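Here the UniProt record's numbering is used: position 223 in the sequence shown is 223, and no number is missing along the way. From the three backbone atoms N, C-alpha and C, an ideal C-beta is built for every residue, glycine too. Model, not experiment: these values are computed from the prediction. This report concerns only the one structure given below.
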Amino acid sequence: MVDAAPAPKTGGGSFKDKDKPVEVRLSNIIAAKAVSDAVRTSLGPKGMDKMIKTSNGEVIITNDGATILKHMAVLHPAAKMLVDLSAAQDVEAGDGTTSVVVLAGSLLGAAQKMLSKGIHPTTIAESFQRASHKANEFLTEVATKLDLADRESLLKSASTSLNSKIVSQYSGLFAPIAVDAVLRVIDPATAINVDLKDIRIVKKVGGTIDDTELVDGLVLAQNVVKSAGGPTRIEKAKIGLIQFQLSPPKPDMENQIIVNDYRQMDKILKEERQYLLNMVKKIKKSGCNVVLIQKSILRDAVNDLSLHFLAKLKIMVIKDIERDEIEFICKSTGCKPIADIDSFTEDKLGYADLIDEVQASGSRVVKVTGVKHAGKTVSILCHGANSLVLEEAERSLHDALCVIRCLVKKRYLIAGGGAPEIEVSLRLQEYAKTLRGMEAHCFQAFAEALEVIPITLAENAGLNPIAIVTELRNRHALGETTAGINVRKGAITNILDENVIQPLLVSTSAIELAAETVKMLLKIDDLVQTR
């Protein structure tokens, strides 16, 4: 950090310290490159995993760039920009969060070399911006159009994303789940985006990842309340979602009621009993036979007496529904949240053919199937041996869902394995020859910086990066636009034969966002700390 110090006056009247902006820029580049180098080893199918210990003692094992950077305690403001860059890529594309940071680090390295040659930072920043637009034009030229009815290509794209994860051996299970989940919540003919809130991932520790399944309906992680002997299976269910408490009211303030007569005591208990009985009768009168109760922080959402009455009337009770689940439950079942007992009417109920508490891989979940007025929602029930595996499985599934979402937003596919980066690099170098002056140098440097992706893929796979990338460049120069690094065979092959394909949007947004961040970093010439 550099404090803003008062500038000493010199004979010339105005003072300009030429060294300070150079030092600030260098400090920013070094800090940002340090972040880039930290995640670089986790790029690609053979990338390493990181174990992160959070401040509260929680342990996370992952190789997802966005997750690694989110949990990093980064202090330097320029390095924080790379953390934000990864988060932006996660929002825009959902995948390629490691690639975008590695690419930004490589571009900063290229910019540093040009700064040392005396090229002005504004020239570099603007040339990089133009080069990123040109690179995206070239990427679109080599991309192939996709039809959402082509299930095979969708599966290959999801598998490519999953292959670089810890759970890569389960890509044959997760890829169809991700593809089916997205296709069920959209209309492929008209959709231009996917709301991933319509796809809910429910995690349950127990069993193995193989037990993960897609449920066409609703899955609740909460269990049915059985303490009063209520039902655990209801056919032709009428579902009421209540946001009030089925327990006796409490005074607003911390009042104390002193009872000195057992008849008064009796009266209080009678009133409480009558109050609860009236509430339960109103619920039964509406025809409701399943009650979902929102979690309450004020008092017990439900007490033993009300559970006893509900069990007698054969009403199933599921309590502790979280506030953030309410919207999804309402959309899935067609019910409406009910805020007080007086507005409990039949038109606010949802309908389902069956609600059943099932034993699944050592844990119990509630499944709601055959919903009458179903919204376009699906649930994925994810199992895992422990919480570390389960968390990583959820992150991997989320990335696979995001890949399919990218293909819905922009229906183009490109090859993987470093093929598009080398192709664009070669085309940009050719294009740079048509330019003149400083811009030609900048385009050339941008093109060379793109090669960091295939170099890193080769390094992480234990291959010789110089030999591999030289051969890859040679094959592309001979016109093999889909030649890429096959990390499993350790050789250059036609990557489409290996089913390694990815959405165009992941690569274009990565190049654009990386160039944007580099431009912002190069334009900074002072770092002022406020007191």
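Boundaries (first-last residue) of the beta strand (DSSP E) holding residue i
i, result
"Glu471", "Where Glu471 is concerned, there is no enclosing beta strand (DSSP E), although the alpha helix (DSSP H) it sits in stretches over 465 to 477."
"Asn486", "483 to 486"
"residue 537", "Only positions 1 to 531 of the chain appear in the structure, and residue 537 is not among them; the question remains open."
"Glu325", "Note, Glu325: premise wrong, no beta strand (DSSP E); not H, not E."
"Leu103", "Where Leu103 is concerned, there is no enclosing beta strand (DSSP E), although the alpha helix (DSSP H) it sits in stretches over 97 to 116."
"Met51", "50 to 53"
"Thr62", "59 to 62"
"Glu141", "Taken as a continuous stretch (DSSP letters only), Glu141 belongs to no beta strand (DSSP E), being part of the alpha helix (DSSP H) at 121 to 142."
"Glu213", "213 to 215"
"Arg531", "Run containing Arg531: none; DSSP gives neither H nor E here."
"Gln169", "That residue, Gln169, is in no beta strand (DSSP E); it is neither H nor E in DSSP."
"Leu218", "218 to 220"
"Ile293", "290 to 294"
Residue environment, residue i, which counts as buried when at least 16 other CB atoms sit within 10 Å
i, result
"Gly172", "exposed"
"Pro249", "exposed"
"Tyr262", "exposed"
"Gly11", "Below a pLDDT of 50, predicted positions are generally treated as unreliable, and Gly11, at 44, falls in that range; no measurement from the model is reported."
"Ala491", "exposed"
"Lys117", "exposed"
"Val358", "exposed"
"Leu139", "buried"
"Lys393", "In the sequence under discussion, the amino acid at residue 393 is Ala, which differs from the Lys named in the question. The residue in question, Ala393, is buried, as its Cβ has 16 or more Cβ neighbours within 10 Å."
"His120", "exposed"
"Arg323", "exposed"
"Thr482", "buried"
Residue i - containing alpha helix (DSSP H), residue span
i, result
"Gln89", "77 to 92"
"Lys238", "Segment 233 to 242 is the beta strand (DSSP E) holding Lys238; no alpha helix (DSSP H) there."
"residue 542", "Outside the shown range of the chain, which is 1 to 531, sits residue 542, and nothing can be said about it."
"Val205", "From DSSP, Val205 is part of no alpha helix (DSSP H) but of the beta strand (DSSP E) over 199 to 205."
"Ala301", "First-last for Ala301: undefined, no H or E at that position."
"Asn460", "452 to 460"
"His441", "438 to 449"
"Glu271", "262 to 285"
Cβ separation of residue i and residue j, assumed to be a contact under 8 Å, to the nearest whole Å
i, j, result
"Asp49", "Ile30", "About 26 Å; that fails the 8 Å criterion."
"Val102", "Val39", "7 Å"
"Leu390", "Val205", "6 Å"
"residue 559", "Gln245", "Since the first residue of the chain shown is 1 and the last is 531, residue 559 is not available in this structure."
"Val167", "Phe174", "7 Å"
"Thr508", "Leu85", "With a Cβ gap of about 15 Å, Thr508 and Leu85 do not count as contacting."
"Thr333", "Val368", "6 Å"
"Leu239", "Val290", "The sequence given here places Ile at residue 239; Leu does not occur at that position. About 5 Å; that satisfies the 8 Å criterion."
"Phe443", "Ser106", "Their Cβ separation, rounded to whole angstroms, is 15 Å, which puts Phe443 and Ser106 out of contact at 8 Å."
"Asp211", "Ser361", "4 Å"
"Val408", "Asn193", "7 Å"
Q. Does the region 455 to 464 come close enough to the region 485 to 494 to have 3 or more Cβ pairs within less than 8 Å?
A. Output reads yes: the region 485 to 494 touches the region 455 to 464.
Q.
To test your reading of the DSSP string, which unbroken alpha helix (DSSP H) runs of 4 or more residues are found completely within the region 338 to 426?
A. 387 to 409
(Q) Using a Cβ distance threshold of 8 Å, determine whether the region 379 to 387 contacts the region 212 to 222, with at least three qualifying pairs required. (A) The region 379 to 387 and the region 212 to 222 touch, with no fewer than 3 CB-CB distances between them shorter than 8 Å.
Q: Note down, one range per segment and in chain order, each alpha helix (DSSP H) of at least 4 residues found wholly within the region 488 to 529.
A: 504 to 523
Q: Evaluate the contact criterion for the region 98 to 116 versus the region 62 to 81: three or more CB pairs, one atom per stretch, below 8 Å.
A: yes
Q) Does the region 264 to 272 come close enough to the region 347 to 361 to have 3 or more Cβ pairs within less than 8 Å? A) Contact between the region 264 to 272 and the region 347 to 361 is absent, because fewer than three Cβ pairs lie under 8 Å.
Q. For the region 411 to 423 against the region 445 to 459, are there 3 or more C-beta pairs whose distance is under 8 Å?
A. yes
Q) Using 8 Å as the threshold, is the region 465 to 482 in touch with the region 113 to 133, meaning 3 or more CB pairs across them? A) no
Q) Per the contact definition of three or more C-beta pairs closer than 8 Å, is the region 328 to 338 in contact with the region 300 to 313? A) no
Q. Taking one C-beta from the region 497 to 512 and one from the region 148 to 162 each time, how about it: are there three or more such pairs within less than 8 Å?
A. yes
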